[in-house]
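Visitor:
In the working numbering, the protein residues as written are 12 to 238.
1) Can you tell me which residues form a DSSP beta bridge with residue 57?
2) Measure the CB-CB distance between residue 209 and residue 183 and report whether it falls below 8 angstroms.
3) Could you round the C-beta distance between residue 212 and residue 172 to whole angstroms and report it? I think they count as a contact, below 8 angstroms.
4) Across the region 157 to 177 and the region 187 to 197, are there enough close Cβ pairs to call them in contact, namely three or more that are closer than 8 angstroms?
5) Taking the alpha-carbon of residue 32 as reference, which of 72, 13, 214, 121 has the nearest alpha-carbon?
6) In whole angstroms, give me the CA-to-CA distance for residue 59 and residue 164.
7) Which ranges does the beta strand (DSSP E) cover as unbroken runs of at least 3 residues, wholly within the region 48 to 131, from first to last along the chain?
8) Can the beta-carbon of residue 94 be found closer than 8 angstroms to that of residue 117?
9) Out of 106, 178, 42, which has the shortest C-alpha to C-alpha gap to residue 89?
10) Distance check for residue 78 and residue 186, CA to CA, integer angstroms please.
11) Identify whether residue 133 lies in helix, strand or coil by the three-state DSSP scheme.
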């Protein structure tokens, strides 16, 4: 490392990946590249997020999954790494009324079981319904819309529109091909965001004006499709 023309002393790096370097991400991927080879369950990972899963039909499948968790702990010790068990969770995806129960552990520490979990920005529920995810993103979108309305009150309509598509709609549409809702209540919640955005862009907050008329007026100017 060089700071103000002064170089630091050399240090031999025997394990791990140096942070803040151009090759850091590539080196990290190479560092963990053999992780799936040590387990029989399926593995999905992105950066430092690791997802281990397998179908559970009988108790032998549960024991196999626990064995893979133990093998992951051994892998971590071999490569001078560690899993933060406090941040690891167990989620069962099933619509059966009764399912096999088991407490899974990493290095003797029990993992917390949850009914929903966020994976790559998408909230997945144990029944594979998307109402929880829709509720999460609409809450965030409405909060951002309120922020934009307060801080861009006197801004030109074009600027308000750009802010909406950049900061709100990009969040709402993220991975929509996966969770595209089929329930009316979820669709209504998403449509309400665009109605609020239309009133904000057109600066029309009158109770006597129609949501549809305001939205059509805005979309007629922008030529953008509805959500």
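Cβ atoms here follow ideal geometry from the backbone N, Cα and C, with glycine treated the same way.
Guide: In short:
1) By 1-based counting over the chain shown, the position of residue 57 is 46. In the DSSP output, where bridge partners are listed per residue, residue 57 has 60.
2) For the purposes of this step, residue 209 is identified with residue 198 of the chain shown, where counting begins at 1. For the purposes of this step, residue 183 is identified with residue 172 of the chain shown, where counting begins at 1. Contact: no.
3) For this step, residue 212 is matched to residue 201 along the chain shown. For this step, residue 172 is matched to residue 161 along the chain shown. By a beta-carbon distance limit of 8 angstroms, residue 212 contacts residue 172. Their separation comes to about 5 angstroms.
4) With a cut-off of 8 angstroms, the region 187 to 197 and the region 157 to 177 do not count as touching, because too few Cβ pairs lie within range.
5) Position 21 of the chain shown, counted from the start, is the residue given in the question as residue 32. For the residues 72, 13, 214, 121, the minimum Cα distance to residue 32 belongs to 13.
6) Against the chain shown, residue 59 aligns to sequence position 48. Against the chain shown, residue 164 aligns to sequence position 153. Per the coordinates, the alpha-carbon of residue 59 lies some 41 angstroms from the alpha-carbon of residue 164.
7) As far as the region 48 to 131 is concerned, its whole beta strand (DSSP E) runs of at least 3 residues are 53 to 57, 60 to 64, 127 to 130.
8) Locating residue 94 in the chain shown gives position 83, where the first residue counts as 1. Locating residue 117 in the chain shown gives position 106, where the first residue counts as 1. Between residue 94 and residue 117, the C-beta spacing is below 8 angstroms.
9) Mapped onto the chain shown, residue 89 falls at position 78. Per the Cα distances, 42.
10) The sequence position of residue 186 within the chain shown is 175, counting from 1. The sequence position of residue 78 within the chain shown is 67, counting from 1. So the two alpha carbons sit approximately 33 angstroms from each other.
11) Numbered from its first residue, the chain shown carries residue 133 at position 122. Residue 133 falls in the strand class under three-state DSSP.
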